[in-house]
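Participant: What follows is a structure written as structure tokens; I'll ask about it next.
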Amino acid sequence: DGGGIRGMSELLILKELMDRVQSQEKLSSTPLPCEYFDMIGGTSTGGIIALMLGRLRMSINDAIDCYDQLTKTVFDATQVGGDGKFNHKVLERIIKDVVEHQVGTAEERMLDTRDNTCKTFVCCRAAQDLSAGIPRLFRTYRSPETNTYNCMIWEAARATSAAPTFFERIFIAGPGYPNQSYIDGGLGRNNPTKQMLEEARLIFPDRRVACVISIGTGKLSTISIPKLSFFQSFFQRILPTELIRATIGIATDCEAIEQEVAQRFRSVPDFYYRFNVEQGMQSIGLAEFEKMENVVAHTDQYIRGEEVKQRFANAVSALSGSVLIAHIDKLKSFYYVPSRRAFHFVDRKGVQDTLDNMFSQPYGSLKTTIVSLIGLGGAGKTQVALEYCRRRKDIDNYQGIFWLDATSSKTIENDMRNIARQLEPECVLENDKAAVDMVKSILSNWTDLWLLVFDNLDNPSEIAAIPGFFPESGFGSILITSRYHGVQELGQHCLLQEMDEGDGLSLLLGQQYSEEGEEDEVLGKKIIELLGHLPLAIDQARAYISRRRLLPQDFITEFNNRKEELFKATPSIWQYKRKPLNAEEETILNVATTWEMSLSLLDTSMGQPSKELEDILTLFAFFHPRAISEDIFSNSIGNPGTATSPISIFNNNGKWNHLKFEDILTKMQELSLLQFSRQSNSQIIISIHSLVSQWLCMRLEISLQKNFIQFAMLHLEDYLIWLKDYDISSWGQAVPHVDTLSLHPPNMIDYFSDPFYEVAHTFGALGPNHTSTLTTVNNLGLLYSQLGQLEKAERMYEWALAGFERALGPNHTDTLTTVNNLGLLYSKLGWLEEAERMYERALAGSEKALGSNHTSILTTVNNLGLLYSDLGRFEEAERMYKQALAGYEKALGPNHTDTLTTVHNLRLLYNHLGRHEEAERIMYERALAGFEKALGPNHTFTLTTVNNLGGLYSHLGRLEEAERMYEWALAGKEKALGPNHTETLITVNNLGLLYSHLGQLEEAERMYEQVLAGFEKALGPNYTETLTTVHNLGLLYSDLEQLEEAERMYEQALAGKEKAVG
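Numbering (the UniProt record's numbering), first residue to last: 1 to 1062.
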């Protein structure tokens, strides 16, 4: 081992060993260690000793004298400044002198081509790659696996002993080997025994071994780094944090490896020996050469111990005798695990501890331990299993860890064949069954620990066959990952829950998230909540934020605006991959593809086509994801409106089939697609992960979404009527579902909104000042406003405002939000003075509550700009827009959507004022370019800007350019929103106006009729956009001299506008 001046203890122990060999074999002098050991390896000062005894073939006495002189000289040569406390040039000079004295030249190289020489290696680390767990070796022999650079002996000695803060690192280079800096190998392999065993396996593949001897520099206390702010700031200027962490592990590294190796060879007596002074070395520093007498005294006392004497006697017998105890394969361990560990993996220690406890059965018990890790797709099962394998490889003494793809029996058999080839390279396998039988037989007879991991055992049809792949051994462990709950019958199971907030922040913001600003941490928590604490989604978000260099707030905005794209977004380098069932190639895993795999497992085993089961699950997704009651659906039996609902399969001759409903939910729960529980009255309560719910909705085409929303509303209406008759106090259970459905676009809803109006009035029974009630009422106001039912919207807002003022006060932010909404409504109704009063109140209150630079205040300022523009007060409008624009640019940046919306409004103002050059410049350089960069060319915000640019060109008489813009906007909106969405219809209407100006009246008529039909269906006949289209048709019919048709259109538009706005 390495250990500074305490390396003298190792030499004294080895002297005792060689003296005993001399005595037992009756030799005339003490033999050279290189004559009795086939291989010697060392780290740090232990590496220097290995070079002296192995490569330079020194006697033990010469080595002791040389080492004593070296430590006294080197550790007395301190220096100020530089990369280390001690002068590395003094160390180099002494080593060169020793080399020259032994072989005649100081420039002798490591490689020793003489026959029957002792193989020698030393361990070091690449200074730039401290995180790597594998040391760099300089060898005196050629390795079949690694082309070692043949450096000079003194360079190897310097590299292995270049302990940070002690000696300056060394740069080594040569022909074909680029310049590389090296430091002490003790950072990770201070006890090099495992490296020795691996080297022996490579160099002596067909040999048996008499003994392995490991010598330490005395047991130490655990190193700790004081958590003092001054110390940390000073120390980290000298050493990087990564190096500090690596240094802390040195004290525990030696004994941890000793225990691991001892455990590996526990069944092979008189083979492995560890000598290490137990007491007295703790107080001796690495460089305290003045305490060398203490090192000698403590070592002498250790050697005289009775137990140690017996160990010496056994070791000498092994060295002197001819009995070769263990085959070299006993030194070999197997690690057949894919390198798919996520770059940004966060150790979920609680889960790892749970697995440790489940696998901690007594050693050599009679039964294989089986543990299943179960969770939703994207919950991190594979990554947790990979981390468990890595930990077991580094910490425990497993002889073999093997990973199998359990997607199907065929993939398991393929991996079994590969494992069989590793275990018995020369064996000929007749078929896959022979490979499976061989692996089972070998592992069943091992007396060392092994672990098999069956990853992605998701297909229920494979469960019955899986035990046929399990070896039977008390030394074995089996870990299964699955989203199918049925695997818990195989043994113990661990349900992988949502990632906790701290781990989520570490994954999203990086391990240093505690150093981030408080605002970023708050936003990080919000993002984690949006993503439902799902690890795969959080890692996708981290990659998306990093790749696009977004601020957390910008990501939240993008997530809300383009959720479907973010579900599928992955970087070009992505560790999450999997080969789907019956597929030839691996596929990139994201939150969308992993859930599609779960859906693909919904088969006909329940007696229903998988499409029907998929539709049932999709209908659940249109409700609030928590607490979806069975009663919502059971009370719709007999309603003709729900006769074609996916839930209709549970209609058993007019009665609700509870048992069939429960059976199908059980299957969905087994695939981790949902969870359900039972109330005391046996009624079922369903919950779905929030992201799964959103994904199920978004994967549908727009037209299909509308069908599911209509069914959900009908089911909810029946549920509310039943609740009203059954228990009025239970109406609060419907609030989340009302809120969720009210968030869908109005063109999805048609006229199934009346039940919500009745719901709101019934909530009065709970009290008008209940804040959850008032929030729902405010949301209903937004819904009615979008639907064009402005009278209902006004009543909702006034009710919410009065309630918020009583419950929270006139200046609370919730109160002011409703005031702002009323301003928008009054503006839409044309009541501009009332709107101004609302906006000014909202602005004054928000500035008082939140400060003048808060983004919600800027929204009100922007709205005031719109109002002043409508009032013809253009200078005030321009001032408002510029104030909002400056605030948004400062708070959110130039490319945020709120900033670009204000840019767009300013462009409209300039266009109205005839300042067309300014308008066009703003439209091109700011709004369109900004939206394209921030959101992409096909985002609805971008397309709205393209549409408005068409309007500008039309106004300027540049009609061909206008047509091109409108057609771009129309194609994008039809693809993104569907042909009947109101935003799509607005662009169709603009094309109609353009064709009318171009004299293409038949085309214009076709456009207007399409728009009118769409608006009437989506918004109703009395909505302002509908009536404007009716008026435009009147103008067109007048141009076509179809005067009766024109008169009918004008009268219809007039009647509707009188009713809507007075």
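Don't be surprised by glycine CBs; every beta carbon is placed ideally from N, CA and C.
These numbers come from a predicted model, not from an experiment.
What's the gap between the Cα of D750 and the Cα of F622?
Facilitator: For this step, residue 750 is matched to residue 750 along the sequence shown. For this step, residue 622 is matched to residue 622 along the sequence shown. Residue confidence for D750 is low, a pLDDT of 42 falling below 50, so the modelled location carries little weight and cannot support an answer.
Participant: Nearest-angstrom Cα distance between N811 and E834?
Facilitator: As a working note, residue 811 is residue 811 in the sequence shown. As a working note, residue 834 is residue 834 in the sequence shown. For N811 and E834, the distance between alpha carbons rounds to 19 Å.
Participant: Here's the rule I'm using: 16 or more other beta-carbon atoms within 10 Å means buried, otherwise exposed. How should V522 be labelled?
Facilitator: In the sequence shown, counting from the first residue as 1, residue 522 sits at position 522. That one is exposed.
Participant: Can the beta-carbon of S672 be found less than 8 Å from the beta-carbon of G375?
Facilitator: Looking up residue 672 in the sequence shown gives position 672. Looking up residue 375 in the sequence shown gives position 375. In this structure, G375 lies closer than 8 Å to S672 by Cβ.
Participant: At the level of alpha carbons, what is the spacing between K433 and N414?
Facilitator: In the sequence shown, the residue the question calls residue 433 occupies position 433. In the sequence shown, the residue the question calls residue 414 occupies position 414. Distance between the alpha carbons of K433 and N414: 10 Å.
Participant: Roughly how many angstroms separate the alpha carbons of L959 and Y953, rounded to a whole number?
Facilitator: Counting from one through the sequence shown, the residue named residue 959 turns up at place 959. Counting from one through the sequence shown, the residue named residue 953 turns up at place 953. Straight-line Cα distance between these residues: approximately 6 Å.
Participant: Taking the alpha-carbon of V946 as reference, which of G914, L900, P979 and G978 has the nearest alpha-carbon?
Facilitator: Residue numbering aside, residue 946 sits at position 946 when the sequence shown is read from its first letter. Residue L900 is the option with its Cα nearest to V946.
Participant: Which residue wins for smallest C-alpha separation from K440, given the options L423, Y388 and L27?
Facilitator: Here residue 440 refers to the residue found at position 440 of the sequence shown. The residue with the shortest Cα to Cα distance from K440 is L423.
Participant: If you compare alpha carbons, which of F271, T369, G502 and S214 is closest to G491?
Facilitator: On the sequence shown, position 491 is the one that residue 491 refers to. Ranking F271, T369, G502 and S214 by Cα distance to G491 puts T369 first.
Participant: Could you spell out the range, first to last residue, of the alpha helix (DSSP H) harbouring D615?
Facilitator: Here residue 615 is taken as the residue at index 615 of the sequence shown, counted from 1. S610 to F620 is the span of the alpha helix (DSSP H), which, as asked, contains D615.
Participant: Thinking L674 and F620 are a contact (beta carbons under 8 Å), I'd like their distance in whole angstroms, please.
Facilitator: The count along the sequence shown starts at 1 and reaches residue 674 at position 674. The count along the sequence shown starts at 1 and reaches residue 620 at position 620. Rounded, the Cβ-Cβ distance is 7 Å, consistent with contact.
Participant: Nearest to A1046 by CA position, among P894, T1029 and L51, is which residue?
Facilitator: The residue given as residue 1046 occupies position 1046 in the sequence shown. Selected option, being the one with the closest Cα: T1029.
Participant: Looking at L829: is its Cβ nearer than 8 Å to the Cβ of Y797?
Facilitator: Your numbering for residue 829 matches position 829 in the sequence shown. Your numbering for residue 797 matches position 797 in the sequence shown. For L829 and Y797, no; Cβs fall outside 8 Å.
Participant: For the beta strand (DSSP E) containing T369, name the first residue and the last one.
Facilitator: Walking along the sequence shown from the start, residue 369 turns up at place 369. T369 -> beta strand (DSSP E) spans T369 to I374.
Participant: Are the CB atoms of F167 and H88 within a distance shorter than 8 Å?
Facilitator: Position 88 of the sequence shown, counting from 1, holds the residue named residue 88. Position 167 of the sequence shown, counting from 1, holds the residue named residue 167. Cβ distance < 8 Å, so H88 and F167 count as in contact.
Participant: How would you label N431, buried or exposed, when you count the other beta carbons within 10 angstroms and need 16 or more for buried?
Facilitator: Within the sequence shown, residue 431 is the residue found at index 431, counting from 1. Exposed.
Participant: Given a cut-off of 8 Å, decide if L12 and A315 are closer than it, judged by their beta-carbon atoms.
Facilitator: As a working mapping, residue 315 is identified with position 315 in the sequence shown. As a working mapping, residue 12 is identified with position 12 in the sequence shown. Against a cut-off of 8 Å, the Cβ pair of L12 and A315 comes out as no contact.
Participant: Between the Cα of C123 and those of G1034, R142, F138 and G999, spot the shortest distance and give me the residue it belongs to.
Facilitator: Within the sequence shown, the letter at position 123 stands for residue 123. It is F138 whose Cα lies nearest to the Cα of C123.
Participant: Only counting the same chain, and skipping five residues up and downstream in sequence, which positions put a Cβ closer than 6 Å to that of T299?
Facilitator: Taking the sequence shown and counting its residues from 1, the one referred to as residue 299 is at position 299. Hits under 6 Å: S9, L12 and V277.
Participant: For T43, which beta-bridge partners are listed by DSSP?
Facilitator: The count along the sequence shown starts at 1 and reaches residue 43 at position 43. Partner(s): C123.
Participant: Applying the 10 Å Cβ sphere with the 16-neighbour rule, what's the burial state of R125?
Facilitator: Walking along the sequence shown from the start, residue 125 turns up at place 125. By the neighbour-count rule (16 or more Cβ atoms within 10 Å), R125 is buried.
Participant: Could you name each continuous alpha helix (DSSP H) segment of 4 residues or more that falls completely within the segment 162–194, going from the start of the chain to the end?
Facilitator: For the segment 162–194, whole alpha helix (DSSP H) runs of length 4 or above, ordered along the chain, are 186–189.
Participant: Would S682 be called buried (16 or more neighbouring beta carbons within 10 Å of its own) or exposed?
Facilitator: One-based indexing of the sequence shown puts residue 682 at position 682. With fewer than 16 other Cβ atoms within 10 Å, it is exposed.
Participant: Can you give me the Cβ contacts of I5 inside the same chain, cut-off strictly under 7 Å, excluding the 5 residues immediately before and after it?
Facilitator: Your numbering for residue 5 matches position 5 in the sequence shown. Here the set comprises T71, F75, L286, A287, E288, F289, M292 and V295.
Participant: Report the partner residues of Q492 according to the DSSP bridge assignment.
Facilitator: Looking up residue 492 in the sequence shown gives position 492. Bridge partners of Q492: V371.
Participant: From what residue to what residue does the beta strand (DSSP E) around D663 run?
Facilitator: Locating residue 663 in the sequence shown gives position 663, counting from the first residue. Note, D663: premise wrong, no beta strand (DSSP E); alpha helix (DSSP H) at H658 to E670.
Participant: Out of R304, Q69 and A157, state which residue places its alpha-carbon closest to the alpha-carbon of E107.
Facilitator: Start at 1 with the first residue of the sequence shown, and residue 107 comes out as number 107. Cα-wise, what sits closest to E107 is A157.
Participant: Would you mind working out which of D448, R417 and W446 sits nearest A435, comparing C-alpha positions?
Facilitator: On the sequence shown, position 435 is the one that residue 435 refers to. Of D448, R417 and W446, the residue nearest in Cα terms is R417.
Participant: I need the straight-line Cα distance from E35 to I401, nearest angstrom please.
Facilitator: Translated into positions along the sequence shown, residue 35 becomes position 35. Translated into positions along the sequence shown, residue 401 becomes position 401. So the alpha carbons of these two residues sit roughly 37 Å apart.
Participant: Taking G883 as part of the alpha helix (DSSP H), name the residues at either end of that continuous run.
Facilitator: To locate residue 883, count along the sequence shown from 1; it is residue 883. The sequence shown places Gln at residue 883, not Gly. First-last of the alpha helix (DSSP H) with Q883: F874 to L892.
Participant: I'd like to confirm the pairing. Which residues does DSSP put opposite G400 in its beta bridges?
Facilitator: Residue numbering aside, residue 400 sits at position 400 when the sequence shown is read from its first letter. G400 pairs with F334 and W450.
Participant: Taking the DSSP output, what are the residues bridged to R483?
Facilitator: Along the sequence shown, read from residue 1 onward, the residue named residue 483 stands at position 483. Bridge partners of R483: none, in fact.
Participant: Look up S677 in the DSSP assignment and say whether it is helix, strand or coil.
Facilitator: Taking the first residue of the sequence shown as 1, we reach residue 677 at position 677. Strand.
Participant: Taking the continuous beta strand (DSSP E) assigned at L137, which residues delimit it?
Facilitator: Sequence index remark: in the sequence shown, residue 137 carries index 137 (1-based). R136 to R139 is the span of the beta strand (DSSP E), which, as asked, contains L137.
Participant: Give the DSSP-derived three-state secondary structure of V209 in the structure shown.
Facilitator: The count along the sequence shown starts at 1 and reaches residue 209 at position 209. V209 falls in the strand class under three-state DSSP.
Participant: DSSP on S693, reduced to helix/strand/coil?
Facilitator: By 1-based counting over the sequence shown, the position of residue 693 is 693. The answer is helix: DSSP assigns S693 an H, G or I state.
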